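Quick note: the sequence shown, position 3, residue 31 per the numbering used here, numbers continuous. Where a beta carbon is used, it is the ideal one built from N, C-alpha and C, also for glycine. Quantities reported herein were computed from a predicted structural model and do not represent experimental measurements. Shown next, in structure tokens, is the structure this report addresses.
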Amino acid sequence: MDIEFESVADIRAYQEDLLRKQIAYLVAHSPYYQRLFTSHNIDPSSISTIEDLQRIPFTEKADLQQFNNDFLCVPREEIIDYITTSGTLGDPVLFGCTDKDLERLAYNEHKSFACAGLKKGDILQLMTTMDKRFMAGLAYWMGIRRMGASIIRVGNGIPELQWDTIERLHPNAIMCVPSFILKLIDYAEQHHIEYRRSSIRKIIGIGEGLRDQTFALNLLGQRIHDKWPEVQLYATYSSTEMSATFSECEHGCGGHVHPELIIVEIIGEDNQLVPDGMPGEVVITTLGVEGMPLLRFRTGDIAAKVVEPCACGRNSYRLTPLIGRKHNMIKLKGTTIYPPAINDVLDNTPFVSNYVVVVRPSDTGTDEVIVRIGMRDNTISQAEAIKTLKDHFRSRLRVAPVVEVLPEDVIQQIIMPPKSRKPIKFIDERCCNGC
Numbered sequence: 029m030d031i032e033f034e035s036v037a038d039i040r041a042y043q044e045d046l047l048r049k050q051i052a053y054l055v056a057h058s059p060y061y062q063r064l065f066t067s068h069n070i071d072p073s074s075i076s077t078i079e080d081l082q083r084i085p086f087t088e089k090a091d092l093q094q095f096n097n098d099f100l101c102v103p104r105e106e107i108i109d110y111i112t113t114s115g116t117l118g119d120p121v122l123f124g125c126t127d128k129d130l131e132r133l134a135y136n137e138h139k140s141f142a143c144a145g146l147k148k149g150d151i152l153q154l155m156t157t158m159d160k161r162f163m164a165g166l167a168y169w170m171g172i173r174r175m176g177a178s179i180i181r182v183g184n185g186i187p188e189l190q191w192d193t194i195e196r197l198h199p200n201a202i203m204c205v206p207s208f209i210l211k212l213i214d215y216a217e218q219h220h221i222e223y224r225r226s227s228i229r230k231i232i233g234i235g236e237g238l239r240d241q242t243f244a245l246n247l248l249g250q251r252i253h254d255k256w257p258e259v260q261l262y263a264t265y266s267s268t269e270m271s272a273t274f275s276e277c278e279h280g281c282g283g284h285v286h287p288e289l290i291i292v293e294i295i296g297e298d299n300q301l302v303p304d305g306m307p308g309e310v311v312i313t314t315l316g317v318e319g320m321p322l323l324r325f326r327t328g329d330i331a332a333k334v335v336e337p338c339a340c341g342r343n344s345y346r347l348t349p350l351i352g353r354k355h356n357m358i359k360l361k362g363t364t365i366y367p368p369a370i371n372d373v374l375d376n377t378p379f380v381s382n383y384v385v386v387v388r389p390s391d392t393g394t395d396e397v398i399v400r401i402g403m404r405d406n407t408i409s410q411a412e413a414i415k416t417l418k419d420h421f422r423s424r425l426r427v428a429p430v431v432e433v434l435p436e437d438v439i440q441q442i443i444m445p446p447k448s449r450k451p452i453k454f455i456d457e458r459c460c461n462g463c
């Protein structure tokens, strides 16, 4: 039985049973949550429904950073694998995974890949790292192994190696950051590779959105589709703290939750639940995690919950594509925007080869946004490029940031510093800690 295809009532009852077990586990094993229940006079046994969660204070990223060891629920000798978050909002947070947690990760990715239509016999080319304390690459490998499909661990970057692997081993699916697909296409066109006749038929995107809030392809997704219409695009959403993945199915109408792994709440500015379909901050409670389970953790990500049944037959709720991160919201000349909207314009501008977006405080009390780009096109002057790009921004966002042109290699060094495991395209200088 796959709980996602059961009735909404059955899914809810199933989740609440798992929630009660998770609360009991925290009471028995978590120093942090033992202290939280006591200090807030909460009787853990009274938390028996999803609504009851609202009586529990949120867990913040700062709590994880300050009391990291107190979240660990098992002796150190039971930790099989150590992982850290990326540290984009401060110091990285350490997570310890037990053998059971690794099995849970494999199960999660198996279900997510199956949701995206992968099956035994398929070959996935993985274009992300498995090292640098990165959870995702390891989870993807374990999920494909559990599924019985094949995986090729190429790692990120290096279009030449990616195409050599595709031509040698004929994978039918690739998994990578979506904007890298444009670099693959550029390389193929420059080297006369007939990429549209290659073996690739699925692209599973990580870390960047492919659709807007109406589930239509965004500018990046549309550009990939226009260039490579033979492939089907799937977007995913995940994080280290969630230890779970929301993956689109073939209908592309949001990322499906795996109810046996996670409970999601969506809250507004007043920290109260918002109606289904309204955007707000994603708050998660992990289910079945043994090493470092989390209760009502604020992710900082902004999305909405979709509760209508999907055409694929799953009745579990879905999440819309992310609007952005709460902490990354920008006020530019009176307009509120999130970095993904800026990225979407840049990813759809052909002469932009790479870029980084910098936000800093201004003397007027609002935000100053500087977009630094590298250019691949020598047929257009820098002045023309800046004017064209600003026109694109005004057309899409109503406002235009400052645009600067720098050498491509300088931008690349900013995007991928030596210790980084994923591209850094957004730098927020408004934070006092330099995050």
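Shortest alpha-carbon distance to residue i belongs to which of the options?
i: VAL334; options: SER207, SER344, LYS415 and VAL373; result: SER344
i: ARG104; options: LYS89, GLY402, HIS57 and LEU64; result: HIS57
i: THR363; options: ARG422, THR112, HIS219 and SER73; result: ARG422
i: PRO349; options: THR314, PRO337, ALA411 and PHE243; result: PHE243
i: SER206; options: GLU436, LEU92 and GLY237; result: A small fix is needed here, since residue 206 is Pro in this sequence, not Ser. Among GLU436, LEU92 and GLY237, the Cα nearest to that of PRO206 belongs to GLY237.
i: LEU122; options: LEU154, THR407, GLN441 and THR268; result: THR268
i: ARG48; options: GLU336, ILE291 and LYS361; result: ILE291
i: LYS255; options: TYR168, ASN356 and ASN376; result: ASN376
i: MET306; options: ILE370, GLN241 and LYS361; result: GLN241
i: LEU374; options: ASN356, ILE358 and MET403; result: MET403
i: MET155; options: GLN190, VAL36, ILE370 and ALA167; result: GLN190
i: GLU258; options: ARG225, ARG239, GLN218 and CYS125; result: ARG225
i: ALA37; options: PRO435, PRO337 and GLU412; result: PRO337
i: HIS138; options: GLY171, GLU217 and ASP419; result: GLY171
i: GLY233; options: GLU217, HIS219, ILE370 and LEU210; result: LEU210
i: HIS219; options: HIS198, SER227, ALA413 and ASP192; result: ASP192
i: VAL55; options: CYS125, ARG181 and PRO72; result: PRO72
Spatial neighbours of residue i within its chain, please: CB distance less than 7 Å, with the 5 preceding and 5 following residues excluded, ordered by chain position.
i: ASP372; result: ASN246, LEU247 and LEU248
i: GLY352; result: ILE330, TYR366, PRO367 and PRO368
i: ASP127; result: ILE108
i: ASP80; result: SER74
i: GLN50; result: LEU315 and PRO321
i: ILE443; result: ASN382, VAL384, PRO451, ILE452 and LYS453
i: ARG196; result: none
i: ILE213; result: TYR223, LYS255 and TRP256
What do you reckon, are the CB atoms on residue i and residue j nearer than 9 Å?
i: HIS279; j: CYS204; result: no
i: GLU44; j: ILE78; result: yes
i: ILE151; j: ALA201; result: yes
i: VAL438; j: LEU417; result: no
i: GLU309; j: LYS354; result: yes
i: TYR265; j: LYS230; result: no
i: GLY235; j: LYS450; result: yes
i: VAL102; j: GLY319; result: yes
i: GLN153; j: ILE179; result: yes
i: TYR42; j: GLU288; result: yes
i: ARG342; j: PHE33; result: yes
i: GLN300; j: GLN82; result: yes
i: LYS415; j: THR394; result: no
i: PHE86; j: TYR60; result: no
i: PHE27; j: ILE408; result: It is not possible to answer for residue 27, since the shown part of the chain is limited to 29 through 463.
Once you ignore the five residues that flank residue i on each side, which residues in its own chain have a CB closer than 6 Å to its CB?
i: VAL12; result: Nothing about residue 12 can be read from this structure; the chain reaches only from 29 to 463.
i: PRO389; result: ARG458
i: ILE294; result: VAL302, GLY308 and LYS333
i: THR116; result: Residue placement at THR116 cannot be trusted, given a pLDDT of 49 that sits under 50; the coordinates are not used to answer.
i: ASP30; result: none
i: VAL311; result: GLU293, ILE295, ARG324 and ARG326
i: GLN410; result: VAL433
i: LEU166; result: MET158
i: TYR215; result: PRO187
Residue i bridges to which residues according to DSSP?
i: ALA201; result: LEU152 and LYS230
i: ARG388; result: GLU396
i: ASN382; result: GLY402
i: VAL311; result: GLU293 and ARG326
i: ASP109; result: CYS125
i: GLU432; result: ARG400
i: ILE252; result: Its beta-bridge partners do not exist; DSSP assigns none.
i: HIS284; result: SER275 and ARG346
i: GLN260; result: LYS230
i: ASP456; result: VAL387
Is residue i near the ligand SAH, in the sense that its beta carbon is under 8 Å from a heavy atom of that ligand?
i: ALA134; result: Only the bare structure without any ligand can be found here, which leaves the ligand SAH out of the picture.
Quick one: residues in its chain with C-beta nearer than 8 Å to the C-beta of residue i, no 5 flanking neighbours on either side, listed in chain order?
i: GLN260; result: GLY145, ARG229, LYS230, ILE231 and GLU278
i: GLN440; result: ASN382 and GLY402
Give a yes or no on whether the minimum CB-CB distance between residue i and chain B is below 9 Å.
i: GLN241; result: In summary, chain B is missing from the structure at hand, where a single protein chain is found.
- prompt: Do the stretch 271-286 and the stretch 178-192 make contact, defined as three or more Cβ pairs closer than 8 Å?
  reply: Between the stretch 271-286 and the stretch 178-192 there are fewer than three inter-stretch CB-CB distances shorter than 8 Å, so the stretches are not counted as touching.
Given 8 Å, three or more beta-carbon pairs between the stretch 156-175 and the stretch 422-430: At 8 Å Cβ cutoff, the stretches do not touch.
message: For the stretch 62-72 against the stretch 283-295, do three or more pairs of beta-carbon atoms, one drawn from each stretch, fall closer than 8 Å, so that the two count as touching?
response: They do not touch, by the three-pair rule.
message: Can you confirm whether the stretch 134-142 touches the stretch 166-178 when touching is taken to mean that 3 or more C-beta pairs between the two stretches lie within less than 8 Å?
response: The count of Cβ pairs closer than 8 Å, one atom from the stretch 166-178 and one from the stretch 134-142, reaches three, so the stretches are in contact.
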